[in-house]
Each structure stands twice: as structure tokens, then as C-alpha cells.
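So the structure is just underneath, and the comments pick up after that.
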Amino acid sequence: NPPDIGNQKLSEPAGRMMMEESVSAFETHLTAVMDSLIRASVCEITKLFQETVNDYLVELSLNRKENDALKLRLKFTESKLRTERMYGMGWAANRRNAGLEEGKEAVAGEEAVELWAWEQQQEEEEGEALISELKRQMDNEDLDPEQKIMLLNNGLNKVLNSAAFQKNSGLLTLMKAQLYHSGILRLGVRLLSQHPSRPQGNWSATATLAHLISSCCVGAEPGRHSETFLTLFLPSVMDGLLSLANQLKSQVEGLSLFRKVMDSVGWLLSAHTHLTVQVFSSTQYEQIQLCDDITVSLLCIQMWIQTCTVSSKFLSDLSDDAILLLLEEAVCQLAHSSDAAVGGASIRLILLMARGLELRLPSLKLNFK
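Under our numbering, think of the first position of the sequence shown as 93, with each following residue one higher.
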């Protein structure tokens, strides 16, 4: 039988049509995929570009301030040279003329004061720029808690070190207050209070954060917010420190970090004695006291000894209730511990209290049972 030529002619156009439809559908799908990739790439490039621009603007701002400082110093030097030229020749011959000498000193003095005030303002602005940049970075919601801790440690170190090495002696106090007002310290306290399972390195970073936060709280002067700072914020800091210390006491090889956190507790107490009663009433500190590890007990007693030694006013500023609680701490450790080091440290603490309290201690002992 001859082949059916009519059927072949009908099927070939249908096949081409189906193939064209398939190619068209594939092109449409490919176009959609490419559009998605392009949009994602544009978003990522825009994000990277914005971050680069922000970093460049910060660097540009700092460079501009440095250039302004150099210009002012150059102006100051040129002014001094002009003054020297003005008074140089005539001053040797007319140095008995007190008016010329006073005028020269007055001009130089005014310019020195102007330069000092300008440098002080620049130092404050640079510190505020560092704090603003740290706050912007911490607001990144994509960061996990561990990343925020590392970022916060680096940022706080940079701010504190920068302020400590400036000529302005009051700049460090001002920067600590700015860190409080910006909310950065509150965020740090929240990170301290978390209870995750962390590797050893992250525990170490958290202990470092505890040290930095306690340092920021000593010497800070928050101005009109002082009452809130003293009655609400500082107790939350102490809770965070004690919570972290309680977690560290049971960590493998965590006693060195426990010591570091307890040192931070003592440092905070030496500046803010009103927190002492809070420590003794804390369930976190009570759990630390109940620990069977002799080293933990010894570190607690040593923390109180160090606090009494560092601050000469610590004992005298304590309330009667706080003194009785501290005395009870020393006596209980002396009575219940068979370790010679703990006993010796307890006796030393009692002797420090007797010497520091003088006439107050005998009357308080009547209430001690």
C-alpha cells in the first residue's frame, strides 16, 4: 500500500506549532528566571554599595575633621609667628614696657584657649560618631546574639580607648553617659541575661562584655536621668552579671571566666554601694553560695575583700542591713568551710570590716546571731 501522504502533510505543521509553543514557553520561563536573578543581584549590589558609601562617609567625616584640626593648628602657628615678628625686635629694647608684654601674652592666651576649645569639641564629635556607628551596626536585625556580642565588645573597646587617650579628661565620663543614653548598654545587658548553650569561646566573649559594661557604669554621669540610672538600670546590670556568674560556675574550665565576672561585680559595687543588699538578696548569688566548689567560695570572699580594699568608702557607705549581711557571709564561710584558704580569707574580711567600721561594728554585733 502507498504511504498516506496527506496525513504526513497535516502532522508536520502541528509538530512545528507544538515545538514553537514549547520554545516560547521556555523563553518566557527563562526570561522570568533571569529577571529574578537580576533583581536579586541589583538588591545585593545596592546593599553592598550602601554599606561602602556609609563607611566612606564616616571615613571622609573623620578625615575632614583631621584636616580642619591641621588648618587650625597652622593658623595658630602662623599667628604666633606674626606675633613674634611684631614684638621680636621691639620687645628686646622695650621689654620693660609691661603693656606690650601683657598684650602679647593676651593674644597668645586667647588663641590657645580657642584651640583647646576647638580640639575638645572635635574629640567629643569623634566619640559621638563612633557611638552612632556602633548603634547603627547593632540595629542590624540579621545579626545573631553571638555576632552582636563580638560587635559590641569591639565597639565599646574602641569608644573607651579613644576617650581615655584624649587630652580632655572629662571625655571618658561623657562617652559613658552617651553609651547609656543611646541604649547600647541596655542592649548589652539583655545579651548578658540570655541563657544559651555556648562554646567556650563565646562564654569568654560574654565575660568580656560583662567587664566592659561594668566599666561603663563606673564614672558615668547621666545627668537628669540619674535616678533611673541608679534605681533601674544598675540593678539590671547587677542581675545580668550575677546570672552570668551563676552559669559560669558550672561550666567546664569556666572558673577563670567566673573570676573575671566576679571582679566586674566587685568593681560595680565599689562605685555603687547601694547594690550590695541586692547582691545578697539575689537568687543567683544564693545559688553561687550553695556551690560545693571550694574555689567558687574562695573567689566570692576574695571579691568582697577586693571591694573593701579598692574603695575606702565602701564599708562606711553601707547601710546597717548591708553590713550585717556581709558579716554573715564571712562568718558562714568560716563556719562551714574546712578549707584553710577560705577560712583565712573569711578572717581577713572580718578584720577589714572591724578596721573600716570602727565604732559602728560593736553595736551591730548585738544584732548578729
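Note that CB positions come from ideal geometry on N, CA and C, so glycine has one too.
Measure the beta-carbon distance from residue i to residue j and round it to whole angstroms, keeping in mind my assumption that it falls under 8 Å.
| i | j | result |
| --- | --- | --- |
| residue 272 | residue 334 | Rounded, the Cβ-Cβ distance is 20 Å, inconsistent with contact. |
| residue 389 | residue 434 | 5 Å |
| residue 297 | residue 241 | 5 Å |
| residue 268 | residue 312 | 4 Å |
| residue 419 | residue 445 | 6 Å |
| residue 308 | residue 248 | 7 Å |
| residue 326 | residue 361 | With 8 Å as the limit, residue 326 and residue 361 do not qualify as a contact, their Cβ atoms being about 10 Å apart. |
| residue 284 | residue 332 | 4 Å |
| residue 274 | residue 222 | 11 Å between Cβ atoms; not a contact. |
The alpha helix (DSSP H) that contains residue i, what's its start and end?
| i | result |
| --- | --- |
| residue 351 | 347-363 |
| residue 383 | Taken as a continuous stretch (DSSP letters only), residue 383 belongs to no alpha helix (DSSP H), as it is neither H nor E. |
| residue 68 | Because the chain here runs from 93 to 461, residue 68 falls outside it and cannot be looked at. |
| residue 281 | 276-284 |
| residue 337 | 326-340 |
| residue 428 | 412-428 |
| residue 264 | 263-273 |
| residue 237 | 237-256 |
| residue 343 | Segment: none, residue 343 is in no alpha helix (DSSP H) and carries neither H nor E. |
| residue 368 | 368-373 |
| residue 322 | Per DSSP, residue 322 belongs to no alpha helix (DSSP H) and is neither H nor E. |
| residue 408 | 406-409 |
Is it true that the CB of residue j sits closer than 9 Å to the CB of residue i?
| i | j | result |
| --- | --- | --- |
| residue 375 | residue 414 | no |
| residue 299 | residue 340 | yes |
| residue 409 | residue 452 | no |
| residue 397 | residue 437 | yes |
| residue 230 | residue 244 | yes |
| residue 319 | residue 381 | no |
| residue 379 | residue 338 | yes |
| residue 329 | residue 281 | yes |
| residue 343 | residue 295 | yes |
| residue 431 | residue 395 | no |
| residue 429 | residue 386 | yes |
Measuring CA to CA, which of the options is closest to residue i?
| i | options | result |
| --- | --- | --- |
| residue 324 | 401, 370, 246 and 419 | 370 |
| residue 393 | 410, 349 and 442 | 442 |
| residue 224 | 270, 255 and 363 | 270 |
| residue 276 | 437, 227 and 331 | 227 |
| residue 416 | 449, 403 and 395 | 449 |
| residue 359 | 310, 117 and 429 | 310 |
| residue 279 | 262, 349, 256 and 305 | 305 |
| residue 391 | 351, 373 and 372 | 351 |
| residue 401 | 440, 120 and 119 | 440 |
Does the Cβ of residue i lie closer than 8 Å to at least one heavy atom of the ligand ADP?
| i | result |
| --- | --- |
| residue 217 | The ligand ADP is not part of this structure, which contains no ligands at all. |
Three CB pairs or more closer than 8 Å across the segment 234-247 and the segment 213-220: By the Cβ test, the segment 234-247 is not in contact with the segment 213-220, since fewer than three Cβ pairs between them sit closer than 8 Å.
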